Structures are given as C-alpha cells and as structure tokens.
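Structure record follows, encoded as structure tokens.
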Amino acid sequence: MAKVGIVGYGNLGRGVEAVLKSASDLELVGIFSRRDPAQLDTESPAYALADIDQFVDEIDVLILCGGSRSDIPDQGPALAAKFNTVDAYDNHAEIPSYFDRIDQVAKENQTVAVISTGWDPGLFSLNRLLSEAILPEGNTYTFWGKGVSQGHSDAVRRVEGVKDAVQYTIPNQDLIETLHAGKSIDYKQGTAHSRLVYAVLEEGADGGRVKEEIVNMPDYFAPYDQVDVHFISQEELDRDHSGIPHGGTVIRQGQTSPEQKQVYDFTLKLDSNPEFTAAVNVAYARAAARLAKEGQYGAKTVFDIAPAYLSAKDGQTLRQELL
Ligand code: NDP
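Number 212 in numbering that gives the first Met the number 0 belongs to position 213 of the sequence shown; there are no gaps in the numbering.
Here it is as structure tokens:
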C-alpha cells in the first residue's frame, strides 16, 4: 500500500481525493493547503502545507495539485527535495526548463519527480510520441474540445459589461472526418476550432459592444472564423454551464508505404477535466512510488515510464488479461 499526500485543494486536488477512494493499493494520508486546513470543505485529514516536513516518513508520494502558472514552478522543486512527487504542470513551453530544475533537485536528494502528467500534456503527448514513432512518415494533428477553456472564460469575464461567462472550444468535425478518411487538410488555428461563449451581462451593458469586443479580442478570438456569443441569465449559466467538461483528439495520418495510408486516432471525451486529470495523476503516483523503491531517481515524464508501472495489477496478471 503506497501512502499519498495531496498538495493544494482546488478542482484537481478534489479530483485526486475522489479518485483515491477507489484505488485499493493507495492510501490518502492527508491534504496539505496554504489555507487554514480547518476551513477546507473535506472529510479527509487536512494539514497546513507549512507543516508538511513532519510527514516525510509517512508519505511515499505527493500529488501536486497547485496551479501551473505560479504554484508548481516553486512548489515542485521545493517539495521534490524531500518527497517523491507527481504533478500536472501544463505550461508546454516551460516544460523542458522545469524538467531540468526539478531533475537536479530529485537526483541530489534521491527522489522521483514525475512531471506534466494528465492528458495534455500527458496522455496526448504519449500518443503523439507513439504514433510518430510507428508512423515516421506523416503528420500529427491535435483537436481540443468540446470543452471549457478556463483561459478564454477568464478573458471574456474581463470584458467591461460582462458579469460572468463560460467559453467552450469546439473542434471542427469536418476536418476530423476528412483526416479519418485519409485525406489531407489545411490545419489552421482559425478553422480547426470554433469558439462558443455564454455570457451574463451587467445590468444596462450594451450587448452589441460587448459582442464586438469579444469577437475582435486579439489572440483569444480574433483569429477564429467562427465565434458565437450568447447572452443568458446567471441562473441559466449556473444551471447549464457549471461543469468542467473537456477532451479532444490526437490524429496521426501516416504511410507505411506509398500505397498504404494509416490513421492513428486517440480520443478523450471527459465529463470532468479535473477528475480525469486526477485519475492520470493517481496512476502515475503508483509508478512514482515503485520507481523510488527501485532507486530510479530523478525527473520523469510520461515518455520515461513503462506502462506496467501505472497498473495496480502485477505483470503476470497484465500478460494474462490485457496482452
Ligand atoms: P484551481 O485554481 O482550482 O486550484 C489551484 C490551487 O489554488 C489549489 O491547489 C489551491 O491551493 C488554490 N485554491 C483553490 N481554490 C481556492 C480558493 N477557493 N481560494 C483560495 N485558493 C484556492 O486549479 P485546478 O485544480 O483546476 O488546476 C490545477 C492545475 O492543473 C492547472 O493550473 C492546470 O495547469 C493543471 N491541469 C493540467 C492538465 C493536464 O492535462 N496536464 C489538465 C487540467 C489541469 P491551496 O489549497 O494551497 O490554497
């Protein structure tokens, strides 16, 4: 039984707590938060993050559930000095330098730090690698959605006159079907996805101006051919748009010989983005505990860990049931 701690109690932290309940080989020791632990809405043991050093001998692996923007870059290396860690760091451009920093700490302190698990980065990255290794001649495409983009929702909420908003990213199904049919496409940011906004207006706000501002927002909406903006009431937003669904597809279209076209497709449809990300984190926590026992210290990504390390089942059972 590996003992697990959760650091940070937001959407992802709550997801890990929920997923651990059905992991028979992993035990939750506690949740560690920068906020007053007594104020957290949980029945699990909760502690101040400042006291975490007292748990060094009681925890095999910490699952870091802080935000990628400002929490993980500091918390990751600091905690990897004392604990084995798993995180879902998703700032793609910064992953290589984050890896180098945490790798050094983990090797110096003989810990394992599994970084950037989840689905993108994470399972999508793994499938990009697998499909490219198997089909070196070809092209890989990633489509996201239908799902809520927190970044785009925040951007709409900052528009003057908007009280609340949710933004869905929607993949272009025609392009996906064209790829499935083995035909080539012209993949452009503005046509591969469309954007759907549900916004609640402040009283007296000019809907026409708000819509213009959203549709023409540089980087976020301006590059897209299709941006639909709907104004709804706060009650409708709370009732119909409070979930955090997401998902997407990685498609590689390749050839094994000039006549033989091959299509590799990996698709996720997620009711809850944080709960699925948490489920991936938990599987990699199992792997981190095993790697640490074997003395395989240092930073790892999903590329570096053999799949059997993720499973609660032993090798013999896996060979019988799944091979
Ligand atoms: P949240 O904003 O919900 O939580 C981030 C941190 O903020 C928490 O750990 C918590 O730390 C603090 N926090 C949460 N709620 C409150 C609150 N009410 N008041 C004050 N502080 C609060 O982020 P998510 O859990 O949704 O996501 C975490 C990260 O996961 C994201 O930044 C994203 O990068 C990553 N992610 C990665 C994915 C992947 O596929 N790789 C997919 C989805 C997400 P504390 O308890 O210490 O206060």
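Even glycine gets a Cβ: it sits at the ideal position worked out from N, Cα and C. The structure presented is a predicted model; accordingly, all values stated were derived computationally and were not measured.
Query	Result
When DSSP labels each residue in this structure, what does Asp227 get in the three-state scheme?	strand
If Gly61 sits next to Gly4, beta carbons under 8 Å apart, how far is it from one beta carbon to the other, in whole angstroms?	Correcting the residue identity first, residue 61 is Leu in this sequence and not Gly. Contact flag correct, Cβ pair sits at about 5 Å.
Starting from Gln254 and walking both ways along the beta strand (DSSP E), at which residues does that stretch end?	245 to 256
With Asn280 and Thr116 assumed to form a contact (beta carbons below 8 Å), what rounded beta-carbon distance in angstroms separates them?	5 Å
Could you check what DSSP says for Asn138 in three-state terms: helix, strand or coil?	strand
Quick check for students: name the residue ranges of the beta strand (DSSP E) that lie wholly in the segment 64 to 95, counting only runs of 3 or more.	84 to 86
Considering only residues of the same chain and omitting the five flanking positions on each side of Lys2, which have a CB-CB separation below 7 Å?	Glu26, Val28, Glu57, Ile58, Asp59
Return the residue from the list Glu159, Gly66, Gly137 that minimises the CA-CA distance to Gln252.	Gly137
Any contact between the segment 164 to 173 and the segment 193 to 207? By contact I mean 3 or more CB pairs, one from each, below 8 Å.	yes
State the beta-bridge partners of Arg194 as determined by DSSP.	Thr168, Val226
Have a look at Tyr46 and Gln233 and give me their C-alpha separation to the nearest angstrom.	35 Å
Am I right that Val346 and Gln74 are in contact with their C-beta atoms under 8 Å? What's the rounded C-beta distance?	Residue 346 lies beyond the range of the chain shown here (0 to 322); nothing can be said about it.
In the DSSP assignment, what residue or residues form a beta bridge with Gln261?	Gly253
Less than 7 Å separating the Cβ of Gly12 from some heavy atom of ligand 1?	yes
Considering Phe220, what are the terminal residues of the beta strand (DSSP E) in which it resides?	Careful: Phe220 lies outside any beta strand (DSSP E) and carries neither H nor E.
Do Gly358 and Gly246 have their C-beta atoms within less than 8 Å of each other?	What the structure shows of the chain is the stretch from 0 to 322, and residue 358 is not part of that stretch, so it cannot be assessed.
For Tyr263, would you say it is in contact with chain C, using Cβ-to-Cβ distances shorter than 8 Å as the test?	Of the chains in the structure shown, none is chain C; there is only one protein chain.
Apart from the five residues on each side of it in sequence, which residues of its chain come closer than 6 Å, Cβ to Cβ, to Ala80?	Val104, Asn108
Consider the C-beta atom of Asp153 and the heavy atoms of ligand 1; say whether any pair is separated by less than 7 Å.	no
Any heavy atom of ligand 1 closer than 7 Å to the beta-carbon of Arg34?	yes
Let me check you understand the geometry: is the CB of Asp264 closer than 7 Å to at least one non-hydrogen atom of ligand 1?	no
Taking Ala311 as the reference, give the member of Leu322, Glu320, Gly66, Ala282 with the closest Cα.	Ala282
Put Asp163 into one of helix, strand or coil per three-state DSSP.	strand
Do Gly14 and Thr248 have their CB atoms nearer than 8 Å?	no
Check this for me: beta carbons of Ile304 and Ala286, under 8 Å apart or not?	yes
Let's see if you can read the secondary structure: which residues bound the alpha helix (DSSP H) around Tyr283?	272 to 292
Leaving out five residues on either side along the sequence, give the residues of the same chain with a beta carbon under 6 Å from the beta carbon of Gly65.	Gly7, Ile71, Gln74
Going by DSSP, name the residue or residues bridged to Leu25.	Ala1
Please find out if some non-hydrogen atom of ligand 1 comes closer than 7 Å to the beta-carbon of Gly7.	yes
Near Ser124, what residues of its chain come up, given a Cβ to Cβ distance below 8 Å and the 5 sequence neighbours on each side ignored?	Ser115, Thr300, Val301, Phe302
Kindly indicate the opening and closing residues of the alpha helix (DSSP H) around Gly297.	No alpha helix (DSSP H) contains Gly297, which is instead part of the beta strand (DSSP E) from 297 to 299.
In the structure shown, what three-state DSSP assignment does Val113 receive?	strand
By DSSP's criteria, Gly121 is part of a beta bridge. Which residues make up the other side?	Trp118
Starting from Ala154, follow the alpha helix (DSSP H) in both directions and report where the run begins and ends.	149 to 156
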